[in-house]
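If you read the sequences in order, they're chains W and Z. When you line the first sequence up against numbering that gives the first Met the number 0, it's residues 0 to 348, in that order. When you line the second sequence up against numbering that gives the first Met the number 0, it's residues 0 to 283, in that order. What follows is one structure encoded as structure tokens, with my remarks underneath.
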Amino acid sequence: MLIKLTCSALAVTAGLASAAQAEDLNALIWCDHADPELLQPFEEAHDVRVNVKEYEGTAAGLTLLEQSRPGDWDVMVIDAVDVGRAVERGLLAPLPTEDLATGSYFPEAVLADHTTIDGTTYAVTEKFGYNTIAYNKAAVDPADMESLDALWSGKYDGRIAIYDYYLPVLGLVGLEAGVATADLDAEALETLREPLMKLGAASKQVSDVVGSQTALATGEVDVLIGGGEWLTAVLNAENPDLDWTIPEEGGLLWAQSLAIVEGTEKPELALEFIKYVTSPEGQARLATSSCYWGMPANKAAGDVLSDEQKAILRWDDQADYLARAQLYPVPDAETDTAMQDLWTDMLQN
Amino acid sequence: MSIERQERQQGAALVAPALLWTLAFFVVPFAAMVMMSLAHMEGRDIVQGHDLGNYLKIFTDPSLRRGIFVSLEITVVVTLISVLLAWPLAWIIATRVPPRWRRMALLLAVLPFWTSYVVRSYSWALVLGEKGVVMNALVGLGLLAEPVQIMATRAATVIGFVHFFVMLLTLTIYSNLIQLSPNYARAAEDLGASRWQVIRLVILPLTLPGVMTGAFLTFVLCIGDYITPQILGGNNELSLPQLIMLQLGRRGDFPMASALSVVLMVIVTLAYAACARWLKMERL
Numbered sequence: 000m001l002i003k004l005t006c007s008a009l010a011v012t013a014g015l016a017s018a019a020q021a022e023d024l025n026a027l028i029w030c031d032h033a034d035p036e037l038l039q040p041f042e043e044a045h046d047v048r049v050n051v052k053e054y055e056g057t058a059a060g061l062t063l064l065e066q067s068r069p070g071d072w073d074v075m076v077i078d079a080v081d082v083g084r085a086v087e088r089g090l091l092a093p094l095p096t097e098d099l100a101t102g103s104y105f106p107e108a109v110l111a112d113h114t115t116i117d118g119t120t121y122a123v124t125e126k127f128g129y130n131t132i133a134y135n136k137a138a139v140d141p142a143d144m145e146s147l148d149a150l151w152s153g154k155y156d157g158r159i160a161i162y163d164y165y166l167p168v169l170g171l172v173g174l175e176a177g178v179a180t181a182d183l184d185a186e187a188l189e190t191l192r193e194p195l196m197k198l199g200a201a202s203k204q205v206s207d208v209v210g211s212q213t214a215l216a217t218g219e220v221d222v223l224i225g226g227g228e229w230l231t232a233v234l235n236a237e238n239p240d241l242d243w244t245i246p247e248e249g250g251l252l253w254a255q256s257l258a259i260v261e262g263t264e265k266p267e268l269a270l271e272f273i274k275y276v277t278s279p280e281g282q283a284r285l286a287t288s289s290c291y292w293g294m295p296a297n298k299a300a301g302d303v304l305s306d307e308q309k310a311i312l313r314w315d316d317q318a319d320y321l322a323r324a325q326l327y328p329v330p331d332a333e334t335d336t337a338m339q340d341l342w343t344d345m346l347q348n
Numbered sequence: 000m001s002i003e004r005q006e007r008q009q010g011a012a013l014v015a016p017a018l019l020w021t022l023a024f025f026v027v028p029f030a031a032m033v034m035m036s037l038a039h040m041e042g043r044d045i046v047q048g049h050d051l052g053n054y055l056k057i058f059t060d061p062s063l064r065r066g067i068f069v070s071l072e073i074t075v076v077v078t079l080i081s082v083l084l085a086w087p088l089a090w091i092i093a094t095r096v097p098p099r100w101r102r103m104a105l106l107l108a109v110l111p112f113w114t115s116y117v118v119r120s121y122s123w124a125l126v127l128g129e130k131g132v133v134m135n136a137l138v139g140l141g142l143l144a145e146p147v148q149i150m151a152t153r154a155a156t157v158i159g160f161v162h163f164f165v166m167l168l169t170l171t172i173y174s175n176l177i178q179l180s181p182n183y184a185r186a187a188e189d190l191g192a193s194r195w196q197v198i199r200l201v202i203l204p205l206t207l208p209g210v211m212t213g214a215f216l217t218f219v220l221c222i223g224d225y226i227t228p229q230i231l232g233g234n235n236e237l238s239l240p241q242l243i244m245l246q247l248g249r250r251g252d253f254p255m256a257s258a259l260s261v262v263l264m265v266i267v268t269l270a271y272a273a274c275a276r277w278l279k280m281e282r283l
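Right, here's the structure in full:
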């Protein structure tokens, strides 16, 4: 009882009260969905208001949902590889896919293995990109950035920032050590301890999105492991030297998806929102959101995006990138705990 | 009904709202947090229980234990530096600045409070960076051959904190100083004390309540702060609040987050106990 009480109090402080208004669509989102450029056309077309609550990390999102009442939330943005975790807990509703524009998707971005559970689709991918190496090409040799080895070579010690999210960075450390992300289990994890600690020692800071952007933009660091187009694209106009690449060892593919929350009282409106976001226009707006950019899952967005925007997104290189990228690790609970323990050790030592 | 009983009832009625408030927004949530700290995680699920496993882990896991020491070290250093800077500043404002300018001086002293805490921290990140104002000035003046790293170190966290807490301490010490009768100093001087002896032996002891109140507030606010170490410390070491956020945001481990929060509260309570003799508001 007390546990529920505590969690309910936390949910209320998280802004649930404002999210529970009638005639609104309540969305649990990542920051790119908070862009008015994306939301306004939908709000005007349907005469509704979209209330958004940002969250970071699947664990935080699922906790918010679990402590909410049915109907508090209508749609949710979630890491595509984590859809299974949410479905396991009964938090997502089946998604009618007949009217969605998935026919024109990048095939590699559909990720049906993750969004469809036991034959039922629960989410649709909407945006993807890469966790790889971002760098300042005016300060480093771009040729060095073609291999992850450069980050362990000593040449860039003290000029590296690490993106503060354990899953993609451990995935990249695994690629450097020759471990595919799909093989990252508790046993394989131990082999990553030493290279991770070395990387931590060679780095200047471990930072979130804003901290990483600030560090790269101000020249505080020259290389960011875990970064990618989602981090440098919004800074392109200010500093075109900020670039990114996928090294020869590969990079990690991130993909976010959109789902209807179980218990919503507005399933039709929620579906309309998903149809809008996955439409070419919605996809173009989402891809170039003011918070961060990323590739639209729907190829048809290419007709709406400008040539300049497509160049920044490396539109024409996607076939090669997608072929060389691996999915995020999808750890079970035990491995996830071991990964986070290892990450905390790196931060604290 | 006797007058005494009537007064007692009136007193109880007047105190009741405050008691109810404290009960609803402190006692009950705190009890819930303690209960939560005795639960544990099984996989990704919270299992209610009554074991001390989380507390045991806090003191046996090197990363968690280090978080306590990191927080204490930063907090003690920040409190000491802030007191050392704030006392002379408050004394100058109270005794050397003409009365008509004091209001302006205090206003300037509290200016940092007017900006957002987050914005202020990011501003310090820009100022303390290798290509920031401080390093450019030091290298430009020839005082340093090349920039040294301050940003993303503990020093940056301490600077960010001190900037904020010096102002807080200045206010508490100033409010104490301004109430002191000038006759204390005059009497000491009449008895042959030098100006330095007057400050050291008379003024300083009389301002201890203000100093300790400010120091305690600094300690409490500093040890519980998440933003400054997160932005300026570069995540190169984790303080207690950062570890708590890690449990909540990343792991969904509410029991461990609660246990760490209880430890934080115990530390604050011990600090209060150490300062209690000076923490009487009527002394200010």
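All C-beta atoms, glycine included, are put in the ideal place defined by N, C-alpha and C.
Within 8 Å, strictly: CB atoms of Thr96/W and Ile77/W: No, Cβ-Cβ distance for Thr96/W and Ile77/W is not below 8 Å.
Test item: CB-CB of Ile266/Z and Ile222/Z under 8 Å: Yes, these two residues count as a Cβ contact at 8 Å.
Touching by the beta-carbon criterion (3+ pairs, under 8 Å), the stretch 213-224 of chain W and the stretch 146-161 of chain W: Between the stretch 213-224 of chain W and the stretch 146-161 of chain W, the count of Cβ pairs shorter than 8 Å is three or higher; the stretches touch.
Segment contact flag, the stretch 71-88 of chain Z with the stretch 158-169 of chain Z, C-beta cutoff 8 Å, min 3 pairs: Contact holds: three or more Cβ-Cβ distances are below 8 Å.
Val109/W and Thr101/W closer than 8 Å at C-beta: Their beta carbons are under 8 Å apart, which means Val109/W touches Thr101/W by this criterion.
For Glu36/W, the nearest candidate out of Met345/W, Val276/W and Lys309/W (CA to CA): Put simply, of Met345/W, Val276/W and Lys309/W the residue whose alpha carbon is nearest the alpha carbon of Glu36/W is Val276/W.
C-beta neighbour in chain Z for Ala59/W, strict 8 Å: Taking 8 Å as the CB threshold, Ala59/W lines the interface with chain Z.
Local Cβ density within 10 Å of Ile91/Z, reported as buried at 16 or more and exposed below that: Result: exposed.
Minimum Cβ-Cβ distance from Glu271/W to chain Z less than 8 Å: Chain Z contact via Cβ: absent.
Beta-carbon neighbours of Ala332/W, restricted to chain Z and to distances below 7 Å: Going along chain Z in sequence order, the residues near Ala332/W (Cβ under 7 Å) are Gly42 and Arg43.
Neighbourhood of Gly301/W by C-beta distance below 7 Å, restricted to the same chain and skipping five residues each side: So the list reads Lys309 and Trp314, once near-sequence residues are dropped.
Exposed unless 16 or more other CB atoms sit within 10 angstroms - verdict on Thr124/W: Residue burial annotation: Thr124/W is buried, with at least 16 other C-beta atoms found within 10 angstroms of its C-beta.
Presumed contact (8 Å Cβ cut-off) between Val74/W and Ala214/W, rounded CB distance: With 8 Å as the limit, Val74/W and Ala214/W do not qualify as a contact, their Cβ atoms being about 33 Å apart.
Residue from Ala176/W, Glu22/W and Thr115/W with nearest C-alpha to Leu198/W: When each option's Cα is compared against that of Leu198/W, the closest is Ala176/W.
Cut-off 8 Å between Cβ atoms - residues of its own chain near Val233/W, not counting five sequence neighbours on either side: Within the same chain, Val233/W has close Cβ partners Gln212, Ser289, Cys290, Tyr291 and Trp292.
Selection from Gly128/W, Gly70/W, Ala44/W and Glu22/W that minimises the alpha carbon distance to Trp243/W: Ranking Gly128/W, Gly70/W, Ala44/W and Glu22/W by Cα distance to Trp243/W puts Gly128/W first.
Enclosing alpha helix (DSSP H) for Trp90/Z [first to last residue]: It spans Pro61 to Trp90 - the alpha helix (DSSP H) in which Trp90/Z sits, taken as one unbroken run.
Chain W contacts from the stretch 51-72 of chain Z (Cβ-Cβ distance under 9 Å): Taken in chain order, the members of the stretch 51-72 of chain Z whose beta-carbon sits within less than 9 Å of a beta-carbon on chain W are Asp60, Pro61, Ser62, Leu63, Arg65, Gly66 and Val69.
Chain Z contacts from the stretch 147-169 of chain W (Cβ-Cβ distance under 7 Å): Here the close residues are Asp163.
Selection of the stretch 222-241 of chain Z by Cβ proximity to chain W, strictly under 7 Å: If the cut-off is 7 Å between Cβ atoms, the stretch 222-241 of chain Z has Ile230, Gly233, Asn234, Asn235, Glu236 and Leu237 near chain W.
DSSP state of Gln20/W mapped onto helix, strand, coil: Unreliable placement is indicated for Gln20/W, whose pLDDT of 44 sits below 50; the coordinate value is still reported in the next sentence. Here Gln20/W sits in coil by DSSP.
Which of helix, strand or coil DSSP assigns to Glu3/Z: Reduced to three states, the DSSP call for Glu3/Z is helix.
Beta carbon proximity, Leu346/W to chain Z, threshold 8 Å: Chain Z, which has a Cβ nearer than 8 Å to the Cβ of Leu346/W, makes this yes.
Limits of the alpha helix (DSSP H) - the one that Gly209/Z falls within: Segment Leu207 to Ile222, the alpha helix (DSSP H) holding Gly209/Z.
Whole-angstrom distance between Asp207/W and Asn135/W, CA atom to CA atom: Cα to Cα, the separation comes out at about 18 Å.
Terminal residues of the beta strand (DSSP E) in which Leu278/Z lies: Run containing Leu278/Z: none; DSSP gives neither H nor E here.
Buried or exposed by the 16-neighbour rule on C-beta atoms within 10 Å, applied to Lys203/W: By the neighbour-count rule (16 or more Cβ atoms within 10 Å), Lys203/W is buried.
Neighbour-count burial assignment, Lys52/W, 16 or more Cβ in a 10 Å radius: Buried, by the Cβ-count rule.
Proximal residues of chain W, C-beta to C-beta of Glu129/Z below 8 Å: The contacting residues are Gly218 and Glu219.
Span separating the alpha-carbon of Gln47/Z from that of Val33/Z: Taking the straight line joining both Cα atoms gives about 12 Å.
Span separating the alpha-carbon of Ser62/Z from that of Gln347/W: About 6 Å.
Positions along the stretch 116-144 of chain W whose CB lies within less than 7 Å of some CB in chain Z: None of the residues of the stretch 116-144 of chain W has a beta carbon lying less than 7 Å from any beta carbon of chain Z.
Where Phe105/W falls: helix, strand or coil (DSSP): Coil at Phe105/W, not helix or strand.
Where Asp34/W sits in the DSSP three-state scheme: Three-state DSSP puts Asp34/W in coil, outside helix and strand.
Which listed residue (Gly191/Z, Tyr173/Z, Gly233/Z and Leu216/Z) has its alpha carbon closest to that of Leu205/Z: Selected option, being the one with the closest Cα: Tyr173/Z.
Residue span of the beta strand (DSSP E) that contains Lys130/Z, given as start and end: Annotation for Lys130/Z: no beta strand (DSSP E) segment contains it, and DSSP assigns it neither H nor E.
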